[in-house]
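K.L.:
Under our numbering, the residues of the sequence shown are numbered 9 to 139, in order. By construction, the Cβ of each residue, glycine as well, lies at the ideal position given by its N, Cα and C atoms.
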Amino acid sequence: MLAYDYPLLGLFWTFLWFFIWIAWIVLLFRVFADLFRNHEMSGWGKALWSIFVILVPFLGVLVYLIAHGHDMQKRDIETAKAQELAFQDYVRTTAASGGSTAEELAKLADLRDRNVISAAEFETQKAKLLA
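This is the structure in C-alpha cells:
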C-alpha cells in the first residue's frame, strides 16, 4: 500500500533534495565563516556581502564563490598550515619537556641514593609525580 502511494523513484528524489539541502546549508555556513575571517575586507564590505547573501541567498552565495573562491582556498590552506605548525610545535615541546614517570622516578631514586635529596624529599616528589 505504501509503495503505491509513494513510489521508489519518489523516495530517491526526496533523498536527493534532502542531500542538496544539507549541502546548501553547509555552503552557506562556509561562506559566512569565510566572510568574517577575511581580514583584508573592510567592515562595510562584510556588511554588504552579508546583506546580499541574506536577501538573495542563492545568487549571493554563487557570486561570493565566484568573486572570492580563490581567496577562500588560500585562507583554508593558511589555516591548515598554521594548525599543523602549532601541532608540530606542541609535539616538540611535549617530547622535549621531560621523560616518562618511570624515568623521573629513576632520577629521583638516583638523587636519593647519592644523598643529594633526603628520603622525605624523595617521597614528596614521588607523590607529586604519581598524582
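Go through the segment 16-58 residue by residue and report every complete run of the alpha helix (DSSP H) that reaches 4 residues or more, in order.
P.N.:
Correct list: 16-45.
K.L.:
Measuring only the C-alpha atoms, how far is V164 from E48?
P.N.:
There is no way to answer for residue 164, as the model of the chain reaches only from 9 to 139.
K.L.:
On the CB-based measure, 16 or more other CB atoms within 10 Å of its CB, does W52 come out buried or exposed?
P.N.:
As a working note, residue 52 is residue 44 in the sequence shown. W52 is exposed by the Cβ-count criterion.
K.L.:
If you draw a straight line from the C-alpha of L56 to the C-alpha of R100, how long is it?
P.N.:
Indexing the sequence shown from 1 puts residue 56 at position 48. Indexing the sequence shown from 1 puts residue 100 at position 92. Answer to the nearest angstrom: the Cα atoms are 44 Å apart.
K.L.:
So with Cβ pairs under 8 Å, would you call I74 a contact of chain C?
P.N.:
Here chain C cannot be found, since the structure has a single protein chain.
K.L.:
Tell me the residue span of the alpha helix (DSSP H) that contains A2.
P.N.:
Outside the modelled stretch of the chain, which goes from 9 to 139, sits residue 2, for which no answer is possible.
K.L.:
Assuming D42 and R83 make a contact with CB atoms under 8 Å, what is their CB distance in whole Å?
P.N.:
Here the question's residue 42 lines up with position 34 in the sequence shown. Here the question's residue 83 lines up with position 75 in the sequence shown. About 6 Å separates the two Cβ atoms, so the contact holds.
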